[in-house]
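In our numbering, the protein residues as written are -13 to 384.
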């Protein structure tokens, strides 16, 4: 996995922006791996081309052509093999960054390597393909590497539209997308901390939460479960067409969408743990005696929809890895209000402006109530000591 990340996130590939030479090199690397496993192509074309699902989209009045990469492992059970599970990750990234690219440093032009986002997921999915080719599974598995995810989940949306309509070039896939009974997405799985993994979509099918918790216990991981299957990655394209999903991630960090997201920053032992968890989870999913049911769960993505007037200048623990009531400050940015007041990374926020904070949703609710250029008390737990800091709030950037 380290070798895969080091290549996909190398300077040579230039950030894997869709339609560039780096995008092509990344694709060729992934397809070579899939071909070596003798997995099935999905398009009636000779040699490697059969693994490509090409599409064109428009970005800033310019047409861009790229592709998804898809390979199929037929199931071994004669009854279940007509049900398919998609196991996927996206392989594109931000290229050189710049204004409007999604870079968190839009004024800096330079290769955004995307080691965690998402060479880490690609490396794990390649290992999953190798593992299941050896052990097989009752249901069929579609291994997918999505293009243009960073441009708005373009590749996954195109794939589902392709599966909706008839196409006589399509082979080794279900007749339509109703044959896809579940989707597992891996995006940013390279920065595990405290043996913690976030699993979203656990409410989109009735057995998913119990299954994920049992696998976590077996693999000695701390997982936080989120019922809904929405969010800014390719699984969201599947849940909106009533396909149950599970989304695995180790969460955000300060190098996200910057030139500093490089291979040396990844936790490769943690990636091995994520691989073990994924193997067991997909094994159970692919062996369920009945088809996974679909449950519609409304989005609870407060972070996405909230309109904040202020910022504390910290990155909260969105995975809820802390076992203590409150919300851990994963990263406190130097020079920002929280840091200036004395709050540090690892502190567990328990109150903001006199109101309790027990999780990410209450944290966001508290922020939405605050106004700029005011000073408010923030109570934190640090090494078993309760400390209250006076934080002068800055306006949030629009």
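Note that CB positions come from ideal geometry on N, CA and C, so glycine has one too. Since we're looking at a predicted model, the values are computed, not measured.
Would you tell me roughly how many angstroms separate the C-alpha atoms of residue i and residue j, rounded to the nearest one?
{"i": "residue 99", "j": "residue 220", "result": "20 Å"}
{"i": "residue 272", "j": "residue 95", "result": "44 Å"}
{"i": "residue 242", "j": "residue 117", "result": "29 Å"}
{"i": "residue 154", "j": "residue 20", "result": "23 Å"}
{"i": "residue 77", "j": "residue 202", "result": "26 Å"}
{"i": "residue 92", "j": "residue 27", "result": "38 Å"}
{"i": "residue 8", "j": "residue 257", "result": "24 Å"}
{"i": "residue 84", "j": "residue 45", "result": "15 Å"}
{"i": "residue 230", "j": "residue 12", "result": "29 Å"}
{"i": "residue 328", "j": "residue 43", "result": "47 Å"}
{"i": "residue 81", "j": "residue 299", "result": "27 Å"}
{"i": "residue 10", "j": "residue 137", "result": "17 Å"}
{"i": "residue 245", "j": "residue -3", "result": "10 Å"}
{"i": "residue 32", "j": "residue 112", "result": "22 Å"}
{"i": "residue 281", "j": "residue 269", "result": "21 Å"}
{"i": "residue 319", "j": "residue 302", "result": "11 Å"}
{"i": "residue 238", "j": "residue 285", "result": "20 Å"}
{"i": "residue 4", "j": "residue 73", "result": "21 Å"}
{"i": "residue 265", "j": "residue 326", "result": "44 Å"}
{"i": "residue 235", "j": "residue 209", "result": "10 Å"}
{"i": "residue 18", "j": "residue 34", "result": "8 Å"}
{"i": "residue 195", "j": "residue 361", "result": "41 Å"}
{"i": "residue 247", "j": "residue 89", "result": "11 Å"}
Is DSSP giving residue i helix, strand or coil here?
{"i": "residue 209", "result": "strand"}
{"i": "residue 113", "result": "helix"}
{"i": "residue 274", "result": "coil"}
{"i": "residue 9", "result": "helix"}
{"i": "residue 224", "result": "helix"}
{"i": "residue 204", "result": "helix"}
{"i": "residue 377", "result": "strand"}
{"i": "residue 294", "result": "coil"}
Is it buried or exposed, residue i, if we count other Cβ atoms within 10 angstroms and call 16 or more buried?
{"i": "residue 30", "result": "exposed"}
{"i": "residue 321", "result": "exposed"}
{"i": "residue 123", "result": "buried"}
{"i": "residue 277", "result": "exposed"}
{"i": "residue 381", "result": "exposed"}
{"i": "residue 359", "result": "exposed"}
{"i": "residue 275", "result": "exposed"}
Rounded C-beta distance between residue i and residue j? I'm assuming under 8 Å.
{"i": "residue -10", "j": "residue 109", "result": "4 Å"}
{"i": "residue 261", "j": "residue 115", "result": "Actually they are not in contact, since the Cβ atoms of residue 261 and residue 115 sit about 11 Å apart, beyond 8 Å."}
{"i": "residue 107", "j": "residue 174", "result": "7 Å"}
{"i": "residue 334", "j": "residue 366", "result": "6 Å"}
{"i": "residue 1", "j": "residue 97", "result": "5 Å"}
{"i": "residue 105", "j": "residue -5", "result": "4 Å"}
{"i": "residue 150", "j": "residue 163", "result": "6 Å"}
Under 9 Å between C-beta atoms, does residue i make it to chain C?
{"i": "residue 214", "result": "In the displayed structure, chain C is absent; only one protein chain is listed."}
Going by the C-beta, is residue i closer than 8 Å to any heavy atom of the ligand ZN?
{"i": "residue 302", "result": "Although the ligand ZN was asked about, the structure shown includes no ligands whatsoever."}
Segments assigned alpha helix (DSSP H), at least 4 residues, entirely inside the stretch 116 to 197: DSSP assignment within the stretch 116 to 197 yields the following whole alpha helix (DSSP H) runs of 4 residues or more, N-terminal first: 140 to 150.
Every unbroken beta strand (DSSP E) inside the stretch 12 to 79 [3 residues or more]: Qualifying beta strand (DSSP E) stretches, in chain order: 38 to 45, 48 to 59, 70 to 76.
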